[in-house]
Amino acid sequence: MFQTASDSELKQLLKEVLTETLNEQRELLYEVFTDVLEDVGLAKAIREGQQTKQVDRGEVFNLFE
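Just so we're aligned, residue 2 is where the sequence shown starts under my numbering, counting upward by one.
Below, the structure written as structure tokens:
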């Protein structure tokens with residue numbers, strides 16, 4: 002009644018499904034990857050900022066003038 006697939010057949014099928022999904026969802030994957038990179042960069046900036054001295058808010062805004 003039921004036909005079972007071998008490990009190699011399942012592995013090949015999984016590869017095909019993943020390849021097809023990644024090709025069809027390329028834009029979504031790009032957006033997710035971009036968001037992850039931005040989050041990593043923000044986390045790094047926060048950690049670096051926590052290790053530097055604090056400055057007055059006015060000093061920061063003076064830099065923009």
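For each residue, glycine too, the CB sits at the ideal point set by N, CA and C.
Within a Cβ cutoff of 7 Å, which residues of the same chain sit near residue i, ignoring the five residues on either side of it in sequence?
{"i": "alanine 46", "result": "none"}
{"i": "valine 61", "result": "none"}
{"i": "lysine 16", "result": "none"}
Measure from the alpha carbon of residue i to the alpha carbon of each residue in the options, then state which is nearest.
{"i": "glutamine 52", "options": "Ala44, Arg58 and Gly59", "result": "Ala44"}
Given residue i, which residues of its chain have a CB within under 6 Å of its CB, disregarding the five upstream and five downstream residues?
{"i": "glutamine 55", "result": "none"}
To which residues of the same chain is residue i closer than 8 Å at the C-beta, ignoring the five residues directly before and after it?
{"i": "alanine 6", "result": "Leu14"}
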